[in-house]
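These notes concern the structure reproduced below.
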Amino acid sequence: MNIPLFKVFIPIGIMDALQETISSRYLASGKKAEEFAEAVGDFIDNRIVVPMSSCTMALTIAYRLAGVGKGDEVITTPLTSIATNVPILSLGAKPVWADVEKDTGMTDPKDIEPLITKKTKAIVVLNKDGDLAKLDEIGEIAKKHNISVIEDAAHSFGAIYKGKKIGTVSDFTCFSFQAIKHITCGDGGALACKKGEDYFRARKLKWFGVDKASGYSWKDDVVEWGYKGDMNDVAATIGLEQMKYADRIVSTCHANGIIYQELLKNIPGIKNIKREEDCFPVFWVYTFLTENRDSLIKKLKEEGIEAMQVHPRNDKWSIFKKSKRKLPGVDYFDKREISIPCGWWVSPEDAHRIALTIKKSL
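Sequential numbering of the sequence shown, starting at 1, is according to the numbering used here.
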C-alpha cells in the first residue's frame, strides 16, 4: 500500500455543512469566517485572530503591522516556503538571511544580532515542519532592539512551546490552512496578534483598508490602503468542520513523530533533528538528515513510500540575489534534509514499516 507524504483530511458531514452555507446564498466573508476565527482562537488560547485568504496574506499584513516598508530589512531564513519571503520583496524591503542551526534547520539565534541594523523592522521565524524554533532566545534579542517577531507557523498549528500554545508566544503568528496542512480550508490562513490595536488594523488591511464588520459605509473615509485578502464563508465552513477533528489530527502527528524519533535513533547514516525540550511539536512531516538522500528517496519510492525535501533553499533564486551571503548551516542542512509521511493517515504500523524500510535501505 502506498503511503503519501501529504493527504487531505475530508471530515464526515462536510458536504452537508457546505450545502447549508451555499443554500444561505451568502458566500463572501461573513458569519462562518467569524465562527472559524473564534474556533481557531479557542484552540490556540488567543481570541485575537483574523481569518484570511492565505498564510501569505497573513504574513504580508504582519510585515505591514511591524512597520516593514520600502528600504527596510527583515531577518529571515531561506530554508522555508517561498511564501515566507516574497511578501518582504512585495513591500519594497530586503530579506536578510540568518543562518540556520545544523542540527535543527531553524534560525540560529547567535546569527541574528550581528545582522540587525537601523533598517531592521522584524525577525520572521519558521517553526520548520512542525518543530519549534528557539523562540525565547529570539524574542529576547528582538525585545532588546525593539523589533517585532513574526512566527511563520504554517507547519505548527497546535504546537506548544514550553507550556504556551503557538499563537500566544510572539508579536504576530501566521497560520496556514492550505490544502495539505494539519487543518485545511481548501486554502486559507489566519493572523494571531498580541495587541488589540494590531487586530483591528489587520481587519482593515485584509479588505482594502475597511473593517466590514464595523458597519462601515462607503461614504466614510478610507485612511490606509489594504488588500483583498479576507476568508470567504465557503472556505471557513470547510475549516469549521476540520476543527472538530483538530485534537485528533494534531495528536496523531505528534505520536507518529515520537515513534520515528525512537525508531530512527542510533542508525548509521541518519541524524535526528535536535528538538527543544518541554515542547509539543506537531510533525507536519517528519524530517531527519541523511548523507544519502537521493538514493534513500528512490528506495522508499520503490516501496510505495513518498519522501522528499519539501522546501529547497530560497536564496538560490534570482529574485533574492541582493540578499546573497555565506550560510554554512544552510549549506549543510539543505543537502541532507529529507521528510517522510507523519500525518493522520499514517498508522503506528505504517510508521514502523517506514522506519524499517529506511533502516534496511541504509
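Yeah, the Cβ is synthetic: ideal placement off N, Cα and C, and Gly gets one too.
Does residue i pass the burial test, meaning 16 or more other C-beta atoms within 10 Å, or should it be called exposed?
| i | result |
| --- | --- |
| THR104 | buried |
| ALA33 | buried |
| MET15 | exposed |
| ILE12 | exposed |
| SER29 | buried |
| GLY257 | buried |
| ASP220 | exposed |
| THR117 | exposed |
| LEU327 | buried |
| ARG275 | exposed |
| ASP247 | exposed |
| ALA213 | exposed |
| HIS145 | exposed |
| ASN365 | Summary: the structure shown does not reach residue 365, with the chain confined to residues 1 through 362, and so no result is reported for it. |
| SER148 | buried |
| ARG25 | exposed |
| ASP42 | exposed |
| SER23 | exposed |
| HIS254 | buried |
| LYS31 | exposed |
| GLY188 | buried |
| ILE354 | buried |
| LYS206 | buried |
| GLY163 | exposed |
| PRO114 | exposed |
| ILE10 | exposed |
| GLY215 | exposed |
If I measure Cβ to Cβ from residue i and keep anything under 6 angstroms in the same chain, skipping five residues before and after, which residues do I get?
| i | result |
| --- | --- |
| ILE363 | Here the chain covers residues 1 to 362 and nothing more, so residue 363 does not appear. |
| ARG203 | VAL50, ASP211 |
| ASN46 | GLY167, THR168, ALA192 |
| GLU151 | VAL125, SER170, THR173 |
| ALA37 | VAL49, PRO51 |
| TYR161 | LEU132, LEU135, VAL169, CYS279 |
| PRO341 | ILE3, LEU5 |
| ALA66 | LYS121, ALA122, SER148 |
| GLU197 | none |
If we define contact as Cβ-Cβ less than 9 angstroms, is residue i a contact residue for chain B?
| i | result |
| --- | --- |
| CYS185 | Among the chains in the structure shown there is no chain B, since it carries only a single protein chain. |
What residues in its chain sit with their C-beta under 8 angstroms from that of residue i, if we drop five residues either side in the sequence?
| i | result |
| --- | --- |
| PRO312 | ASP334 |
| ARG293 | GLN309, LYS335, ARG336, GLU337, ILE338 |
| ILE267 | ILE358, LYS359, LEU362 |
| SER156 | ASN127, GLY130, ASP131, LEU132, ILE166, PRO281, VAL282, TRP284 |
| LYS299 | THR357, SER361 |
| PHE208 | VAL222, TRP225, GLY226, TYR227, LYS228 |
| THR290 | GLY269, ILE270, LYS271, LEU296, ARG336, ILE338, LEU362 |
| ALA93 | TYR63, VAL68, GLY69, LYS70, GLY71, ASP72, GLU73, VAL74, LYS121 |
Using DSSP bridges, identify the partner residues of residue i.
| i | result |
| --- | --- |
| PRO95 | VAL74 |
| TRP207 | LYS228 |
| MET308 | SER339 |
| CYS185 | Its beta-bridge partners do not exist; DSSP assigns none. |
| PRO51 | ALA190 |
| LYS321 | Note: LYS321 sits in no beta bridge, so no partner. |
| VAL149 | ILE123 |
| PHE333 | Beta-bridge pairing links PHE333 to no other residue. |
| THR290 | ILE270 |
| THR107 | VAL100 |
| PHE280 | ILE160 |
What residues in its chain sit with their C-beta under 7 angstroms from that of residue i, if we drop five residues either side in the sequence?
| i | result |
| --- | --- |
| VAL8 | ALA179, ILE180, THR184 |
| ILE319 | LEU89 |
| ASN314 | PRO78, THR80, ILE82, ASN85, PHE320 |
| PRO348 | ILE259 |
| ASP111 | ALA98, ASP99 |
| LYS252 | The sequence given here places Thr at residue 252; Lys does not occur at that position. Excluding sequence neighbours, THR252 sits near TRP344. |
| ALA351 | ASN256, ILE259, TYR260 |
| TYR332 | LYS102 |
| PHE288 | LEU264, ILE270, LYS271, ASN272, ILE273, ILE338 |
Are three or more beta carbon pairs between the stretch 261 to 268 and the stretch 97 to 117 nearer than 8 angstroms? no
Does the stretch 323 to 334 come within contact of the stretch 223 to 235, defined as at least 3 CB pairs closer than 8 angstroms? no
Would you call the stretch 191 to 203 in contact with the stretch 241 to 256, where contact means no fewer than 3 C-beta pairs closer than 8 angstroms? no
Can we say the stretch 61 to 80 touches the stretch 179 to 187, given the rule of at least three CB pairs closer than 8 angstroms? no
Counting only runs that start and end within the stretch 152 to 182, where is the beta strand (DSSP E) found for 3 or more residues in a row? 172 to 176
Looking at C-beta atoms only, is the number of pairs between the stretch 169 to 177 and the stretch 51 to 58 that lie closer than 8 angstroms three or more? yes
Pick out the complete beta strand (DSSP E) segments inside the stretch 231 to 278, 3 residues or longer, and give them in chain order. 270 to 272
Completely contained beta strand (DSSP E) runs for the stretch 1 to 60, where each covers 3 or more residues: 49 to 52
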